[in-house]
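Here my numbering is used: the first residue of the sequence shown is 3, the next is one more, and so on.
Notes follow the structure.
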Amino acid sequence: MSSSLRLSLIGVMLLTALGLGGTIYHMRQTPRPVAVQSSPPAPLLVSYIVAARALPAGTLARDDDF
3 MSSSLRLSLI GVMLLTALGL GGTIYHMRQT PRPVAVQSSP PAPLLVSYIV
53 AARALPAGTL ARDDDF
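Quick look at the structure:
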């Protein structure tokens with residue numbers, strides 16, 4: 003085997019080892035998502051106003067109508 007071929011092969015193997023090592027290092031440093039069990043969200047509360055008596059259409063509402 004010629005020396006230039008041997009050096010090329012050693013260079014490719016060294017780059018491959020460095021690349022795999024860097025990938026493994028990065029995979030170990032990246033935090034993994036953790037499954038968190040949470041309670042269901044609280045129901046939304048809605049408030050509304052109701053008329054105290056039937057109002058004809060077009061009537062302007064006053065404070066005592068509610």
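Ideal Cβ positions, reconstructed from N, Cα and C, are used throughout, including at glycine.
Source: prediction; values computed, not measured.
Nearest-angstrom Cα separation, counted from residue j out to residue i
| i | j | result |
| --- | --- | --- |
| Arg8 | His28 | 30 Å |
| Ser6 | Arg30 | 36 Å |
| Ile12 | Ala19 | 10 Å |
| Ala63 | Ser41 | 42 Å |
| Leu17 | Val36 | 34 Å |
| Thr61 | Leu46 | 32 Å |
| Gly23 | Val14 | 14 Å |
| Gly21 | Val38 | 34 Å |
Anticipated Cβ contact below 8 Å, residue i with residue j, distance rounded
| i | j | result |
| --- | --- | --- |
| Asp67 | Ala54 | 6 Å |
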